[in-house]
Structures are given as C-alpha cells and as structure tokens.
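Novice: Counting from 141, one number per residue, gives the positions in the sequence shown under the working numbering. We put the beta carbon where it would ideally sit given N, CA and C, even for glycine.
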Amino acid sequence: MRVYIGCGGYSNDDWAAPGLIYEGVRKDAYLDTYARHFDAVELNSSFYAIPGLKAFEGMARKSGGRTRFAVKLNKAFTHDRAPTDVDYDRMLQSPEPLREAGMMGPYLAQFPFSFHRTAENRKYLLMLAERFAGHELAVELRHASWDKPEVRDGMGEYGLIWVSPDYPPVGGMPEPQVHVTGDVGYLRLHGRNAGSWWEGTSAAERHDYRYTRAEMDEWAEKIAVVNDDLSELYVFFQNTTKGHALKNIPMLRDALNARGVPVQTPDPGDDGRLL
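(1) If you reduce the DSSP assignment to three classes, tell me which class A156 lands in.
(2) Among residues of its own chain, excluding the 5 on either side of P406, which ones have a beta-carbon nearer than 7 angstroms to its beta-carbon?
(3) Determine contact between the segment 334-351 and the segment 295-303, defined as no fewer than three beta-carbon pairs at a distance below 8 angstroms.
(4) Counting pairs of Cβ atoms below 8 angstroms between the segment 191-207 and the segment 246-254, do you hit three or more?
(5) Provide the residue span of the beta strand (DSSP E) that contains Q233, from first to last.
(6) How would you call S342, buried or exposed, if buried means at least 16 neighbouring beta carbons within 10 angstroms?
(7) In terms of residue numbering, what span does the beta strand (DSSP E) encompassing P305 cover?
(8) Return helix, strand or coil for I389, following the three-state DSSP convention.
(9) Would you please state the rounded distance, in angstroms, between the beta carbons of G242 and Y374? I believe it to be under 8 angstroms.
(10) Report yes or no: do the segment 179-192 and the segment 207-216 share at least 3 C-beta pairs separated by less than 8 angstroms?
(11) Would you check if there are 3 or more beta carbon pairs closer than 8 angstroms linking the segment 312-321 to the segment 356-368?
(12) So V143 and L396 are supposed to be a Cβ contact under 8 angstroms. How far apart are they, rounded?
(13) Where L327 and L281 are concerned, what is the direct C-alpha to C-alpha distance, given to the nearest angstrom?
(14) Can you name the residues that DSSP bridges to M244?
(15) Note the first and the last residue of the continuous beta strand (DSSP E) segment covering R328.
(16) Out of P309, A269 and R262, which has the shortest C-alpha to C-alpha gap to E290?
(17) How would you label P309, buried or exposed, when you count the other beta carbons within 10 angstroms and need 16 or more for buried?
(18) Starting from E182, trace the beta strand (DSSP E) both ways and give me its first and last residue.
(19) Tell me the rounded alpha-carbon separation between A354 and S234.
(20) Taking 8 angstroms as the cut-off, decide whether the C-beta atoms of S371 and M141 are in contact.
(21) At the level of alpha carbons, what is the spacing between L415 and D225?
(22) Across which residues does DSSP place E280 in a beta bridge pair?
(23) Applying the criterion that 16 or more other CB atoms from any shown protein chain within 10 Å of the CB defines a buried residue, is P223 buried or exposed?
(24) For V401, which of helix, strand or coil comes out of DSSP?
(25) Is the beta carbon of D157 sitting closer than 8 angstroms to the one on V165?
(26) Out of H283, L213 and T173, which one is the CA nearest neighbour of Y132?
(27) P314 and D287 - do their beta-carbons sit closer together than 8 angstroms?
(28) Under DSSP, the beta strand (DSSP E) around Y346 begins and ends at which residues?
(29) Using a 10 Å radius around the Cβ and a threshold of 16 neighbouring Cβ atoms, would you call E163 buried or exposed?
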C-alpha cells in the first residue's frame, strides 16, 4: 500500500508563524514549499469556484510533480446539489494538467451533515457516481444514517470510495474506522475539538485541535489492518489551524513506519524547516 499524507489546503497563513514552513515565504511560493514537505494535498479552492485549465497548469508546475492533488467538488455538487452540465464539464476537464502530469488523486465530494440517507439523496448519489464514472470519487457522508455496511457495499459496487473520518465525539456522525470499498482508501482527520464542532464560527475554530502521539498510534494501528487491502491510501489532516497538522503528520509517519507500513518522507531540500 502506498500512503500519501497531506493537509486540507496549502494556502494557510497560520503557517507563516515563526518556526513553521511558510515563515518568510512569499504567498506565490507557498505551493512549491508545501510540495517539498508533503506528497499529497486536498484542494479546497475548487469548492468555492472551479479553477480553469491555466490555474491547474500552474499548480502542476509549482508543485514540481512532487504532490498528488485530491480535488474537492464544487459546492454546486454537494451543498446546492443542482450542478449544470457546464459545472460537470469544468469539474471533469479543468484538472487535465494534473492528470497529464500524473499528479491527480481522487475527487472529493464532501457532503454536509444535513445530507441524510433518504431515497432522494440515495438517487442523487447514484447519479453523481454515474456522471463521474471512470474517475476516482471519494465521498464523505457526515450523517450517521449512512454509516452502514450495506451503504459501503453499494458504494463499492459503483466504484465510490468511502471517506473514513475522524470527527470529534459529538454523536450523530460515522464512527472513526478505516473502511475499504475498493482499491483506494481515503481518510480525513478533522481533530477532536468537541466544544467547537457545532458552535464554532469558522472551519479554523472547529479544527483547532492537535492530536496526541497516542491518538496517532491509534490511527496507525487501524491503517495497518488494511495494509494488504489497498493499493493506495490518502490521509488528509484538516487541523491546519495554528500548524497543528504540521506537528501531527511526522507523528503518524513514525507510527506507520514502526508498524511496517512504509511511508515516504519528502526531502525539503535547502529549506530544511520541516517543522
């Protein structure tokens, strides 16, 4: 199993703090710097507006072929749930520069908690699977009504990747387990800030949490169990606030290597300031 580890987004101004990887780095060099430290990134900007071909060409160039991109579907697909044919065309065609460079990871459909398992929503998910057929599509279903073996069986049948999550222990959401629905796995670690998950006024506040080494060991154990079941696993830390993810990723790498799951650690080169 090839494990790719990165963060939800790369343009985090928090990381310009003293001692972190963007200290003294120009914003237009953030991606180049990021790619020297992490071999995967989850693209957040596409949720708000689908970038064009030139933007993806720039991403491929600036990251130097070192990083796999998981591209988040635009909110028209997951929150408004009224995508047009133009939306589909742009979402499928614009990342072509990443595909040509061998840097394209799965698409990510991040559905809100309000997306319950109803007949209407099941039909919508099936339609989405059909429109993205031939492309890897990871689906995050935040409401616990979806957290059932039969749902994952159906997702596997239609080639969808179940997003295994780590949420705060607030109830009503899927359990923190690694589930396999195909050849590729996808894990999103949101942190465990229970106090701010529902009441938080921003994503930064909800994800203000640093995992302990014991918690990283716990996830490494779960990942090791599926080592022989997957060809690739993507792990994305969402707790980028205050650089928490930058501290947690080396912990997970160490924990996985200690359990016989090899993880590649990029060489930051001249920069040398991994953390």
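Specialist: From the atom records:
(1) Stepping through the sequence shown from its first residue, residue 156 is reached at position 16. In this structure, A156 counts as helix in the three-state DSSP scheme.
(2) For the purposes of this step, residue 406 is identified with residue 266 of the sequence shown, where counting begins at 1. Excluding positions up to five away in sequence, the list reads R176, H177, F178, D179 and R206.
(3) no
(4) no
(5) Translated into the one-based positions of the sequence shown, residue 233 becomes position 93. From DSSP, Q233 is part of no beta strand (DSSP E) but of the alpha helix (DSSP H) over D225 to Q233.
(6) If you number the sequence shown from 1, residue 342 lands on position 202. By the 10 Å Cβ count, S342 comes out exposed.
(7) Sequence index remark: in the sequence shown, residue 305 carries index 165 (1-based). Its beta strand (DSSP E) spans residues L300 to D306.
(8) As a position in the sequence shown, residue 389 is number 249, starting the count at 1. Of the three classes helix, strand and coil, the one that applies to I389 here is helix, per DSSP.
(9) Sequence index remark: in the sequence shown, residue 242 carries index 102 (1-based). Sequence index remark: in the sequence shown, residue 374 carries index 234 (1-based). Not confirmed; about 15 angstroms, so no contact.
(10) yes
(11) yes
(12) Stepping through the sequence shown from its first residue, residue 143 is reached at position 3. Stepping through the sequence shown from its first residue, residue 396 is reached at position 256. About 7 angstroms separates the two Cβ atoms, so the contact holds.
(13) The count along the sequence shown starts at 1 and reaches residue 327 at position 187. The count along the sequence shown starts at 1 and reaches residue 281 at position 141. Cα to Cα, L327 sits roughly 12 angstroms from L281.
(14) Taking the first residue of the sequence shown as position 1, residue 244 is located at position 104. DSSP lists F209 as partners of M244.
(15) Counting from one through the sequence shown, the residue named residue 328 turns up at place 188. Where R328 is concerned, the enclosing beta strand (DSSP E) stretches over V324 to L329.
(16) Translated into positions along the sequence shown, residue 290 becomes position 150. Measuring from the Cα of E290, the nearest candidate turns out to be R262.
(17) In the sequence shown, residue 309 corresponds to position 169, counting from 1. It counts as exposed.
(18) Locating residue 182 in the sequence shown gives position 42, where the first residue counts as 1. Start and end: A180 to L183.
(19) The residue given as residue 354 occupies position 214 in the sequence shown. The residue given as residue 234 occupies position 94 in the sequence shown. Looking at the two C-alpha atoms, the distance is approximately 41 angstroms.
(20) Mapped onto the sequence shown, residue 371 falls at position 231. Mapped onto the sequence shown, residue 141 falls at position 1. Yes; because the gap between Cβ atoms is below 8 angstroms, this pair is in contact.
(21) Here the question's residue 415 lines up with position 275 in the sequence shown. Here the question's residue 225 lines up with position 85 in the sequence shown. Interpretation of L415 is limited by its pLDDT of 49, a score under 50 that renders its predicted location unreliable; the figure taken from the coordinates is listed afterwards. Cα-Cα distance, rounded: 44 angstroms.
(22) Within the sequence shown, residue 280 is the residue found at index 140, counting from 1. According to DSSP, which records beta bridges pairwise, E280 is partnered with Q250.
(23) Position 83 of the sequence shown, counting from 1, holds the residue named residue 223. P223 should be labelled buried.
(24) Numbered from 1 along the sequence shown, position 261 holds the residue referred to as residue 401. Residue state, collapsed to three classes: coil.
(25) As a working note, residue 157 is residue 17 in the sequence shown. As a working note, residue 165 is residue 25 in the sequence shown. Note that residue 157 is Ala in the sequence shown, not Asp. Result no, Cβ atoms of A157 and V165 do not sit closer than 8 angstroms.
(26) Here the chain has residues from 141 to 415 only, and residue 132 is not among them.
(27) Taking the sequence shown and counting its residues from 1, the one referred to as residue 287 is at position 147. Taking the sequence shown and counting its residues from 1, the one referred to as residue 314 is at position 174. Contact: yes.
(28) Locating residue 346 in the sequence shown gives position 206, where the first residue counts as 1. The sequence given here has Arg at residue 346, not Tyr. Segment A343 to R346 is the alpha helix (DSSP H) holding R346; no beta strand (DSSP E) there.
(29) Your numbering for residue 163 matches position 23 in the sequence shown. Looking at its Cβ environment, which holds fewer than 16 other Cβ atoms inside 10 Å, E163 is exposed.
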